[in-house]
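Residue numbers (the working numbering), protein chains in the order written: chain A, 555 to 774; chain B, 4 to 222.
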Amino acid sequence: MNDTLSFFSGFGPRDFLFLGEAALRTLWISVIAISIGTGMGVIFGWLLFEGKLLATLTLGPVLDVFRSVPLLIQLVLFYNFAPMVGLNLAPFGSGVVILAIYTAALVASVARGGFEAVGVPMRRASRSLGMSYWQDLRHVVMPIGMRAVFPAWVGVALGVMKDSALVSVLGYVELLKASQILITRTQQPLLILALAGAFYFALSYPISRYAARLEERWEQ
Amino acid sequence: MNYNFHWKPVFNNLPGLLEAGMLTLQVAVLSMLLGICIGMALALIRLHVRGPLRWFATTWIEVARNTPALIQLFFFAFGLGALGLYLSPYTIVLAGLTFNNAGYLAENFRGGLQAIPETQIRAARSLGMTAPQAYLRIVIPQVLRIVYYPMTNQMVWAVLMSSLGMLVGFRELSGETQALASTTFRIFEYFSVTAVIYYVIVKIFLGAAHLIARRLFRY
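Here it is as C-alpha cells:
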C-alpha cells in the first residue's frame, strides 16, 4: 500500500479545452472593448481636432490621465469605485468599461493624427464641389485619414488585446487567470505559461506582420 | 453615494508611498538603460548577422512584442522557479521589464539604423575609422536622435509596466500600495493617491525629456 492521494495532477486534454475556452473569453472581452473604445476614440479624436482650444483644455487632459496611469491601477480603482455609486458590475463589466475607456484614450490621439493627415486644400476642394461639412467628413476625410492611421490603430488594438490579461486581477477567468488556476493544480508553470503565451503570440504576430506590410506598401 | 472617504491613513503613509515611488523610478530607469544597450545589440544582430544568433535576436524581439508583459513577468517569476532558479522580486521585475523594453526598442532602433545612409559608414571607414568607431561615433548618435521620441514613449511604458510588480510580490509603488491598503481596507483612497503619484512621475519624465531634447537638438 503505497498509494498516496495527491492534490496535484498532471496537465490533461480536458485542461487544454479549459484553456481554449478561456482564450475565447480573452478574445471576447478584447473585441467588445476595442469596438466600443474605437468608436469613442474616433469621436474624441474628431472633437480634439475640431474644437481646438476648448477640447484641448477639457477632453485632452482627461484622456491624458488614462494614458499616464497604469491600466492595473485603473482597473483596481474602478472596480472599487463602482459599488460606491451603486453600480454592481461583474468583473467582466468593470473590465470592459476600463479597457474601452483606455482604448478610447489611445485611439483618440491616433484618430486625431488621421484627421490632421488630410490636407486642407483637399477639404476645400470637396466643399467647393458642393459637399456639406458632413459629406466631406464622411466621403473624403474619413476614408483618407483613417486609412493613413490604420497601422497605428492595429498596434493599439493588439496592445489592448495583450493588456486584457490584466482583467484577471479582478477575477475574470480569461486566458491568464485560467493558466494561473491550472498552474496551481498541476504545478507545471513552464508548460502552461508557454501555452498561454503561444496563444497570444499566434493571435498577435500575424496581425502585426500584416499591419507592418501594409504600412510598407503604402509608403511606396 | 453612501461612502465615507478616509484619507487620513493614506496621508499618514504618504512617505512610505513616495519611497516606493523611488523604487519604481529606479527599476524603470535601470530597465530602460539595460533595454537600450540590449535593444541596440539585437537590432544590429538582426540587420547584420546571419545564423543562429540572428534567429535568437528575432525570437527575442517578436516574443517581447507579441505576448503580454504580464506573461513575460510570470515567466521570470514562476517559469524559472520551476527550473529551480529563484529570483528576488526586484530581479524578476527588472529582468521582465528589460526583456520587454529591449524587444520594443530593438524594433525602433532597426528603423533608425535603416534610415542612416550606407555611404556615411563607408565615408567614416575611408577616413580611417574602424567599424566599431564608425558605428559608435557616426551611426548610433544619429539613430538615438531619430528614435528619441519613441524612446521617451517607451520610458513612460516602463514606468507604467513596473506596476505589474504588484502581482509578483515586488513592493514598488503599486505593491506597496496594495500592502498598505490591505491593512486598512481603504483600497480606493490608497490607489487614487497612487494614481496621482504615477501621473506626476510620468509628467516629470516627459517634461525632462522635453528639456533634454531642447538642449540636445538645438541645431
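For glycine and all other residues, C-beta sits at the position ideal for the given N, C-alpha and C.
Pairwise C-alpha distance: residue j and residue i
i, j, result
"Ala161 of chain B", "Leu100 of chain B", "7 Å"
"Gly106 of chain B", "Trp63 of chain B", "6 Å"
"Ser1 of chain B", "Ala679 of chain A", "Examination of residue 1 of chain B is not possible in this model, given that chain B is present from 4 through 222 alone."
"Leu744 of chain A", "Phe78 of chain B", "7 Å"
"Leu720 of chain A", "Leu768 of chain A", "30 Å"
"Leu116 of chain B", "Gly667 of chain A", "25 Å"
"Glu604 of chain A", "Val694 of chain A", "16 Å"
"Glu2 of chain B", "Ala671 of chain A", "Beyond the ends of chain B as shown, which are 4 and 222, falls residue 2 of chain B; an answer cannot be given."
"Val205 of chain B", "Ile95 of chain B", "22 Å"
"Lys731 of chain A", "Met35 of chain B", "28 Å"
"Asn642 of chain A", "Val651 of chain A", "13 Å"
"Leu45 of chain B", "Ala198 of chain B", "34 Å"
"Pro71 of chain B", "Lys716 of chain A", "5 Å"
"Thr793 of chain A", "Phe173 of chain B", "This structure cannot settle anything about residue 793 of chain A, because the visible part of chain A is limited to 555 through 774."
"Leu183 of chain B", "Tyr193 of chain B", "8 Å"
"Tyr138 of chain B", "Thr738 of chain A", "49 Å"
"Gln742 of chain A", "Phe81 of chain B", "9 Å"
"Ile48 of chain B", "Ala644 of chain A", "47 Å"
"Thr592 of chain A", "Val661 of chain A", "6 Å"
"Trp772 of chain A", "Pro697 of chain A", "14 Å"
"Met164 of chain B", "Gln774 of chain A", "35 Å"
"Val664 of chain A", "Met700 of chain A", "9 Å"
"Leu50 of chain B", "Ile124 of chain B", "15 Å"
"Leu3 of chain B", "Ile74 of chain B", "Because chain B is modelled from 4 through 222, residue 3 of chain B falls outside the range shown and cannot be assessed."
"Phe570 of chain A", "Ala85 of chain B", "20 Å"
"Asn103 of chain B", "Pro675 of chain A", "43 Å"
6 Å CB neighbourhood of residue i in its chain, flanking five on each side removed
i, result
"Asn111 of chain B", "Val150 and Pro153"
"Ala577 of chain A", "Leu729 and Phe753"
"Leu626 of chain A", "Leu720"
"Arg579 of chain A", "Glu728"
"Ile41 of chain B", "Ala105"
"Ser758 of chain A", "Leu712"
"Glu22 of chain B", "none"
Exposed unless 16 or more other CB atoms sit within 10 angstroms - verdict on residue i
i, result
"Asn69 of chain B", "buried"
"Arg53 of chain B", "exposed"
"Leu749 of chain A", "buried"
"Asn5 of chain B", "exposed"
"Gly751 of chain A", "buried"
"Met158 of chain B", "buried"
"Val585 of chain A", "exposed"
"Thr186 of chain B", "exposed"
"Phe191 of chain B", "buried"
"Ser686 of chain A", "exposed"
"Ser682 of chain A", "exposed"
"Gly640 of chain A", "exposed"
"Leu176 of chain B", "buried"
"Arg113 of chain B", "buried"
"Tyr764 of chain A", "exposed"
"Asn16 of chain B", "buried"
"Gln230 of chain B", "In this structure chain B extends from 4 to 222, so residue 230 of chain B is not present and cannot be described."
"Ser563 of chain A", "exposed"
Residues near residue i by beta carbon distance below 7 Å, same chain, minus five either side
i, result
"Leu747 of chain A", "Ser733"
"Ser91 of chain B", "none"
"Gln145 of chain B", "Ile119"
"Ile39 of chain B", "Leu108"
"Ala216 of chain B", "Tyr151"
"Ile507 of chain A", "Given a span of 555 to 774 for chain A in the structure shown, any question on residue 507 of chain A remains unanswerable."
Neighbourhood of residue i by C-beta distance below 8 Å, restricted to the same chain and skipping five residues each side
i, result
"Gly649 of chain A", "Ile583, Ala587, Leu629, Ser718, Val721, Leu724 and Tyr726"
"Leu573 of chain A", "Leu729, Ala732, Ser733, Leu736, Ile746, Leu749, Ala750 and Phe753"
"Gly595 of chain A", "Thr657, Ala658, Ala659, Leu660, Val661, Ala662, Val664 and Ala665"
Proximity test, residue i beta-carbon vs the ligand MG heavy atom, cut-off 6 Å
i, result
"Thr122 of chain B", "For the structure depicted, the ligand MG is absent and the ligand set is empty, with no information on it obtainable."
Cβ-based contacts, 9 Å cut-off: residues of the region 65-79 of chain B near chain A | Glu65, Val66, Arg68, Asn69, Thr70, Pro71, Ala72, Leu73, Ile74, Gln75, Phe77 and Phe78
Residues from the region 697-719 of chain A in contact with chain B, defined by Cβ distance under 9 Å = Leu712, Met715, Lys716, Asp717, Ser718 and Ala719
Identify every run of the alpha helix (DSSP H) within the region 100-185 of chain B, keeping only runs that are complete inside it and at least 4 residues long; order them along the chain.
-> 121-129, 134-137, 143-149 and 151-164
Residue ranges of each beta strand (DSSP E) within the region 650-703 of chain A, 3 or longer | none
Taking only beta carbons into account, state which residues of the region 614-637 of chain A come closer than 8 Å to chain B, listed in chain order.
-> Val619, Ser622, Val623, Pro624, Leu625, Leu626, Ile627, Gln628, Val630, Leu631, Asn634 and Phe635
Return the residues of the region 199-210 of chain B that lie within a Cβ-Cβ distance of less than 8 Å from chain A, sorted by chain order.
-> Tyr201, Tyr202, Val205 and Lys206
Given a limit of 7 Å on CB to CB distance, which residues of the region 178-197 of chain B reach chain A?
-> Ile190, Phe191, Phe194, Ser195 and Thr197
Against chain B: residues of the region 743-771 of chain A by CB proximity under 7 Å | Pro743, Leu744, Leu747, Ala750, Gly751, Tyr754, Phe755, Ser758, Tyr759 and Ser762
When you check each C-beta in the region 41-62 of chain B against every C-beta of chain A, which residues fall closer than 7 Å?
-> none
Runs of alpha helix (DSSP H) lying entirely within the region 601-659 of chain A, each at least 4 residues, in chain order | 606-622 and 625-635
Report the residues of the region 141-173 of chain B with a CB closer than 9 Å to any CB of chain A, ordered along the chain.
-> Val159, Val162, Leu163, Met164, Ser165, Ser166, Leu167, Met169 and Leu170
Please list the segments of the alpha helix (DSSP H) lying wholly inside the region 8-51 of chain B, counting only runs of 4 or more residues, in order along the chain.
-> 11-15 and 17-51
Proximal residues, the region 573-601 of chain A versus chain B, C-beta separation under 7 Å | none
Residues in the region 89-108 of chain B with C-beta within 9 Å of chain A's C-beta atoms, listed in sequence order?
-> none
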